[in-house]
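Have a look at the structure below before the remarks.
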Amino acid sequence: MTIVRYIKNPNSLARKIAAPGGKKVSAAVADAETELSEMTPAGLEAIDACIAIIAASVVRTSETPPSAETLEAVYQAASAVHGSAAVFGLRDLGEAAWSLCELIDTGGGALRSGMAAISSHLDSLRLLRLGEALTPEQRRELLDGLQDLRLHTKQEAAAG
Amino acid sequence: MDLNGFINLDKICILLADSSPQGMDILSQIFTGFGARNITRCASIALASDFIRSNDVDLIVVNDTVGTESGYDFVHWLRRQEGNQNVFTPAIMISGHTKRSIVGKARDCGANFLIAKPVSPQVVLERVIWVAREKRPFLEAGDYIGPDRRHHEADPGENKGRRRNDQLLAEAEAAAAAAAEAAAVDVSGLAEPASDPQQASA
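For the protein sequence lines, the chains are A and B, in the order given.
Count the first sequence with our numbering and you get residues 1 to 160, in order.
Count the second sequence with our numbering and you get residues 1 to 202, in order.
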């Protein structure tokens with residue numbers, strides 16, 4: 001039987017956040033959005049650097065099975081893109097990056113036999129980085145294609 | 001969230017832990033926009049742990065990975081620092097893609113809330129306000145130390161009245177409904193990452 005012990009916890013955040021002063025919630029959100037928009041050029045540069053890391057990994061391992069370290073490096077770079085792309089107006093790029101993370105997490109042995117699925121994701125990342133240059137339909141089509149690829153790779157991995 | 005309400009983050013001491021400079025900048029700018037002035041940025045778990053030991057912190061926001069270390073392990077460690085002034089400090093986890101191997105950690109680390117990336121100012125502020133207003137007691141049950149995962153108040157995750165043993169059903173439901181709720185996943189209802197959080201928040 002699990003013994004449960006309840007502990008009454010002080011919460012200084014509650015007291016301080018309700019103190020007189022501060023700003024309106026709507027103004028706080030607007031000010032934060034302004035702060036983020038000022039980061040956009042640097043943010044996009046960082047995203048490009050992450051895509052370059054993925055590209056370098058694909059080129060380096062095009063003829064040999066990728067190592068766990070390579071896959072982790074690609075995962076980390078894709079994760080960084082996923083975390084920031086939507087913040088800078090590139091939501092679809094973020095989705096594609098999430099797809100790449102998911103592919104690596106679930107692809108298992110099927111991925112180690114080659115980088116083709118990752119390479120396809122890289123192509124999509126590069127296209128989606130163009131943002132509004134693609135129509136919403138084109139962007140959706142790319143993302144749907146990545147989803148199919150991911151599911152196929154997952155099934156391959158499950159089949160061993 | 002009442003957009004006409006007021007919040008005051010002037011005097012709040014916030015600890016941000018993230019090894020990614022860009023992730024840190026995003027969080028930092030968001031809280032600066034909210035009016036926070038006392039923000040400590042820690043790029044490693046070691047720095048965050050040192051800060052926790054010697055400062056009163058009102059809010060901790062930690063990324064799921066900090067360098068090669070786990071933000072979940074940091075919160076798990078924090079909740080076991082009996083006698084430390086910050087042992088009950090509200091902790092919000094920021095999670096990117098969640099690997100299947102760490103879903104359990106995310107649920108059981110003792111954080112108050114988990115926000116799925118990409119973060120937005122509105123979602124972050126909603127969670128901060130919710131964490132400030134919630135009245136969940138902490139509990140120690142088996143290996144778990146943290147906020148009671150059974151919610152008594154309406155919350156953004158809408159996962160009321162469930163304890164750990166009821167979570168299997170909750171998780172199955174959550175997986176099916178992930179598209180609607182994964183933008184900010186309540187730690188107590190964390191399900192297998194069955195769909196893209198970004199799609200969910202769209």
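Each residue gets a CB set at the ideal place from its N, CA and C atoms; glycine is no exception.
Predicted model, so just to flag it, every value in this text is computed and none were measured.
Alpha helix (DSSP H) segment containing residue i, residue limits
i	result
Ala91 of chain B	Segment 91 to 95 is the beta strand (DSSP E) holding Ala91 of chain B; no alpha helix (DSSP H) there.
Ile31 of chain B	Here the sequence assigns Phe to residue 31 of chain B, which means Ile is not the residue at that position. Looking at the DSSP string, the run of the alpha helix (DSSP H) that includes Phe31 of chain B is 21 to 34.
Gly43 of chain A	40 to 60
Ser67 of chain A	No alpha helix (DSSP H) holds Ser67 of chain A; DSSP gives it neither H nor E.
Ala14 of chain A	12 to 17
Own chain, CB closer than 7 Å to residue i, minus 5 neighbours either side, in chain order
i	result
Ala80 of chain A	Cys50
Pro121 of chain B	Ile30, Gly33
Ile129 of chain B	Met1, Ile7
Ser54 of chain B	none
Test item: CB-CB of residue i and residue j under 8 Å
i	j	result
Asp58 of chain B	Val25 of chain A	no
Glu69 of chain B	Ile45 of chain B	yes
Ala85 of chain A	Pro118 of chain B	yes
Lys16 of chain A	Asn86 of chain B	no
Leu142 of chain A	Ile104 of chain A	no
Ile14 of chain B	Ala36 of chain B	yes
Ile94 of chain B	Val131 of chain B	no
Asn112 of chain B	Pro147 of chain B	yes
Val62 of chain B	Phe74 of chain B	yes
Ala17 of chain B	Val66 of chain B	yes
Gly22 of chain A	Asp10 of chain B	yes
Thr34 of chain A	Gly33 of chain B	yes
Val74 of chain A	Ala141 of chain B	no
Leu128 of chain A	Leu100 of chain A	no
Ala32 of chain A	Gln22 of chain B	no
Leu125 of chain B	Ala28 of chain A	yes
Leu125 of chain A	Val87 of chain A	no
Phe88 of chain B	Pro41 of chain A	no
Ala106 of chain B	Tyr72 of chain B	yes
Gly104 of chain B	Asp64 of chain B	no
Asp108 of chain B	Met39 of chain A	no
Ile7 of chain A	Leu139 of chain B	yes
Cut-off 6 Å between Cβ atoms - residues of its own chain near residue i, not counting five sequence neighbours on either side
i	result
Ala43 of chain B	Ser19
Ile53 of chain A	Ala77
Leu168 of chain B	Residue placement at Leu168 of chain B is poorly supported in this model, since its pLDDT is 31, which falls under 50; the coordinates still yield a value, given next. Closer than 6 Å at the Cβ level, and outside the excluded window around Leu168 of chain B, lies no residue.
Thr2 of chain A	none
Gly114 of chain A	none
Host beta strand (DSSP E) of residue i (start-end)
i	result
Leu16 of chain B	13 to 17
Arg41 of chain B	38 to 42
Arg5 of chain A	4 to 7
8 Å CB neighbourhood of residue i in its chain, flanking five on each side removed
i	result
Thr106 of chain A	Arg150, Thr153, Lys154, Ala157
Asn38 of chain B	Lys11, Ile12, Cys13, Ile14
Gly110 of chain B	Val75, His76, Leu78, Arg79, Ala91, Tyr144, Ile145, Gly146, Pro147
Asp56 of chain B	Cys13, Gln85, Asn86
Glu102 of chain A	Arg150
Chain E within 8 Å of residue i, Cβ atoms only
i	result
Gly89 of chain A	Included in the structure are the protein chains A and B, with no chain E among them.
Open item on the list: Three Cβ pairs or more, each shorter than 8 Å: is that satisfied between the segment 86 to 103 of chain A and the segment 133 to 147 of chain A?
Closed with: yes
Open item on the list: Please give me, in chain order, every unbroken run of the alpha helix (DSSP H) with length at least 4 that falls completely inside the segment 118 to 147 of chain B.
Closed with: 121 to 133
Open item on the list: Three Cβ pairs or more, each shorter than 8 Å: is that satisfied between the segment 53 to 64 of chain A and the segment 118 to 131 of chain A?
Closed with: yes
- [ ] Note down, one range per segment and in chain order, each beta strand (DSSP E) of at least 3 residues found wholly within the segment 85 to 159 of chain A.
- [x] none
- [ ] Report the residue ranges of all beta strand (DSSP E) runs contained in full by the segment 50 to 114 of chain B; include only those spanning at least 3 residues, in chain order.
- [x] 59 to 63, 91 to 95
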